[in-house]
Amino acid sequence: MAISPASDTPELSSPEAVGAGLHSVGYLPDETTALVSYLAVQLGKPVLVEGPAGVGKTELAKALARFTGRELIRLQCYEGVDEAKALYEWNYKKQLLRIQSGAAADADSASWDAVQDNIFSEEFLLTRPLLQAIASEEPVVLLIDEIDKTDHEFEALLLEILSDFQVSIPELGVVEATTHPIVLLTSNDSRELTEALKRRCLYLWLDYPENAREIEIVRMHVPDLDEKVAARLVEVIRMVRELDVKKPPSISESIDWARTLLLLGADRIDRKTFEDTMSIIVKHRTDMDLVAERVGVKLDKSPASITGSGPRPAV
Amino acid sequence: MNAGVPAWARFTTGGPSEGTAGGIGPLVVDFARELRDEGMSVGTSELLDAFDALSTVDWTDRAAFREAMSTTIAKSQEDRTLFKLVFDRYFFRATEAEAAREHAGGEQGNEHPDGEQRKGDEGEPGEGGGDGEAQIDIDALREAIMEALENGGDDTLRDLARLAIMTLSGGASSGVIGVDVQRVRRQLELRSQDLPPGEEGEDLRKQLQKFEQHVRRELEARMIAETGNLPTARPLNEMNRALPSGGTQDLAAVHRSVKMLKRAMATQGLESRGHQRTGPIDVRGTMRASLETGGVPLDLRYRPRRPRRPELYVLCDVSTSVTSASVFFLSILHALHDSFKRLRTFVFIERVAEVTDVFEQERSFKAASEKISNTAGVADISGYTDYGRVWVDFHDQVAADLDPRSTVIVLGDARTNGREPRADLFGKVTEKAGRSFWLNPEPRLYWNYGDSVIGVYERFCDGVFECWTSKQLEDFVRELTAVRPR
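Going down the list, the sequences are from chains U and W.
Start counting the first sequence at 71; every next residue gets the next number (this note's numbering).
Start counting the second sequence at 4; every next residue gets the next number (this note's numbering).
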């Protein structure tokens, strides 16, 4: 490898330090996340982050960028993304203009070689996120988001970048990284990625956090919320996630819900509050019925509001 | 946790002072071999990464050690589950084997457990023990536990629990877990009364409870291992389950398996498309793009080729002989409904009725099948399937909606109970539809025996499949959604 990973900075010296650093910029990592982030920096390897939607995969990259003080370069993947959109593209318009203006100025002396050298130079190159990350003077954090949305060919394109941190441009030669970027790839697990890609990455599976940690996260983002309400809220969210719903509530939705409860000045979560604000965490009509039926009834058990009507949960 | 040697490391290894990655090398390689035996693909490059990772973390910390290996070796969620199972099995056996050996030898040593020793003691954990005489220094163990109770992590407690079981009983158990937990407690003289009262003792008491939970869990795991019911890793990779029979199966389980199927399908679609992904040239788009370059069409625009999203008409026999298969099949289809442009579901016994709504509203398997049997009104008097009448009805009511893009799928055993099959009408239906398939939940062996007339219908179908395991069902769904030129 041409360059060694930058890891001398004291704040990257141990998994605990990385964890504390992430915490300081508003991201609460669990031990594994901190360890893998640390390893990514130490070994200079890309990290493949998988997990359900809304557990903070993208947020991790942003937090790493904030914490290390690096620029975040983001490539959002979608079906059909290709090298012209991800890597580089020649600026055809400018090239064409160059040729035409050259021909008009002095028709006889414009030697073919001069023009050819000219139009395939960096002046006519449009850099896209991947090349940008490689060519950057300053070390960056590169986020390749939702890699599972792309095609197999695109994965192959990434291999050179991920293992050697270089890009080959036929007309220009090889562009090598001068600094070592931290690379994160995220995937929603909607399809199996190729072995070759996985082989080059560290693997991190992010799942919904444990109750205690989620309470911490909610309290960090909504510090004014009462501690008991926060604990209850996380408990309810957990119940909803355990049901077979189409879209389980994500962490950001927990936070949104916490904000709502704070705005409404709710000091406890009873059935009425829950049903009024349920639409923030549940976003499918069929899910809403199910959640109201299963979770709403459980909330009923809290004293003073036993109605007894309503559908019974099918056990 | 970094300061000093964790208690479990003191018992099992020489501590980090002699801890170079080289010392543990053979063990890790052997561990990788075991992973490969379980069907995981562990490449050399992954092993090298693992060593790189191990050299940068403090691998006397159990969690760090495991996660560093896991992140470099196990590259999918299934692999992670497998990894954890094998990791526990492998490295805990090493710890136990060491404890058993010490126990049998009657001396408390601090030898390093290397690969050879582990292999030698592989098999039944704790086979060396069993005489019930505790010869290890119990006081030292007790001290270590007390220390761990005060400031140790969860992992330390768990390891000490294992060690305590091994050293105190040599692996022999009374057969009743509660009794064993009590015995360990008594022999270690751990009493919650001895702890300081009030606030200060509160944490310790909690820790003690945790320790006991670990002891209990360990004893349970041991019992499972001894009776041979250890949940092995291999079935994790197998999708070939028999179809659920009866109402106990929850739709949630179906949805989970469908999620895996969906993922597999997403991969498969891409493979089969290859470089033929784009369609013909989009002239308008190309012209518009060429304006940027002074009318020179540098950039060709293609029409995207949309993946085939079939319109499905599904007919399911729900007579008693095939109910479980058909409801399962219907629920799979409905879980997959966003893969299809349009999905209409019919059930039939003597008559045919549309039940598309039921599956969209009901998420529980039992409720769905109850609703179908109560409201669909497909049984008249006898309750026996009448294919002839079904085809008459279906042809009259629905056939007008069929067009060449639609697919008709019939799930049934084609047993007419001696009634007229009306294959001519079925032929008309299949003629109008683009494709038609028949799924038979009976093994092929029984086809065309007795009143089965599958052969009569087979002539009109694009394919007839036997379908009595979920694997076969998945194969069929895959076939159905595959993109292929017709």
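All C-beta atoms, glycine included, are put in the ideal place defined by N, C-alpha and C.
Item, Value
"Can you list, in chain order, the residues of the stretch 21-53 of chain W whose Cβ is nearer than 8 Å to any Cβ on chain U?", "S44, G46, S48, E49, D52"
"Using only CA atoms, which one of Y460(W), R69(W), V299(W), K213(W) lies nearest to Y496(W)?", "Missing from the structure shown is residue 496(W); chain W here goes from 4 to 489 and no further."
"What distance in whole Å lies between the Cβ atoms of L255(U) and P116(U), which are believed to be in contact at a cut-off of 8 Å?", "6 Å"
"Starting from T102(U), find everything on chain W with Cβ-Cβ shorter than 7 Å and list it in chain order.", "E70"
"In the DSSP assignment, the beta strand (DSSP E) including Y158(U) goes from what residue to what residue?", "158-160"
"Return no unless some Cβ of chain U is closer than 7 Å to the Cβ of R83(W).", "yes"
"Please say whether T74(W) and L272(U) have beta carbons closer to each other than 7 Å?", "yes"
"Compare the C-alpha of R425(W) against each of P446(W), D404(W), R438(W), I457(W) and name the closest.", "I457(W)"
"Can you list, in chain order, the residues of its chain with a C-beta nearer than 8 Å to that of L38(W)? Leave out the 5 residues immediately preceding and following it.", "V45, I76, L85, F86, V89"
"Leaving out the 5 sequence neighbours to the left and right, which residues in its chain are closer than 6 Å to Q216(W) when beta-carbon positions are compared?", "none"
"Would you mind giving the Cβ-Cβ distance between T59(W) and L109(U), rounded to the nearest angstrom? I have them listed as a contact below 8 Å.", "7 Å"
"P307(W) by DSSP, collapsed to three states: which one?", "strand"
"Look up L301(W) in the DSSP assignment and give the residues it is bridged to.", "Looking at the DSSP assignment, L301(W) forms no beta bridge with any residue, so it has no partner."
"Could you tell me the distance, in whole angstroms, from the CA atom of A328(U) to the CA atom of T197(U)?", "42 Å"
"With 16 other CB atoms within 10 Å as the buried threshold, where does N240(W) fall?", "Because N240(W) sits at a pLDDT of 30, beneath the cut-off of 50, its placement in the model cannot be relied upon, and the point is left open."
"Under the three-state reduction of DSSP, which class applies to Y390(W): helix, strand or coil?", "helix"
"Measure the CB-CB distance between S324(U) and V288(U) and report whether it falls below 7 Å.", "yes"
"When DSSP labels each residue in this structure, what does D216(U) get in the three-state scheme?", "Note that residue 216(U) corresponds to Glu in the displayed sequence, not to Asp. It is coil, neither helix nor strand."
"Taking all protein chains shown into account, decide if G415(W) is buried (16 or more other Cβ within 10 angstroms of its Cβ) or exposed.", "buried"
"Is K78(W) buried or exposed, if buried means 16 or more other CB atoms sit within 10 Å of its CB?", "buried"
"Taking the C-alpha atoms as reference points, what is the distance between D221(U) and V459(W)?", "44 Å"
"With DSSP as the reference, identify every bridge partner of F349(W), one or two as the case may be.", "L318(W), E357(W)"
"Mind listing the chain W neighbours of Y162(U)? Cutoff is C-beta to C-beta under 9 Å, in chain order.", "E295, T296, V299, L301, D302"
"Which residues in chain U have a C-beta closer than 9 Å to the C-beta of D404(W)? List them in chain order.", "Correct list: empty, because the minimum Cβ distance to chain U is about 25 Å."
"Assuming T419(W) is part of the alpha helix (DSSP H), what are its boundary residues?", "Per DSSP, T419(W) belongs to no alpha helix (DSSP H) and is neither H nor E."
"So does the stretch 144-152 of chain U actually touch the stretch 295-305 of chain U, counting three or more Cβ pairs closer than 8 Å?", "no"
"When burial is assigned at 16 or more other CB atoms within 10 Å of the CB, is I214(U) buried or exposed?", "buried"
"For S84(U), which residues of its own chain have a beta-carbon under 8 Å away from its beta-carbon, when the five flanking residues on both sides are left out?", "Y108"
"Using only alpha-carbon positions, find the residue among D61(W), A71(W), M43(W) that is nearest to E81(W).", "M43(W)"
"Using the rule of at least 16 other Cβ atoms within 10 Å of the residue's Cβ for burial, across every protein chain shown, is V413(W) buried or exposed?", "buried"
"Only counting the same chain, and skipping five residues up and downstream in sequence, which positions put a Cβ closer than 6 Å to that of R36(W)?", "none"
"Bridge partners of Q146(U), per DSSP?", "D215(U)"
"Distance check for D152(U) and P199(U), CA to CA, integer angstroms please.", "12 Å"
"Taking the DSSP output, what are the residues bridged to S238(U)?", "V244(U)"
"Report yes or no: is there a C-beta of chain W within less than 7 Å of the C-beta of V106(U)?", "yes"
"Answer yes or no: does any C-beta atom of chain U fall closer than 7 Å to that of T59(W)?", "yes"
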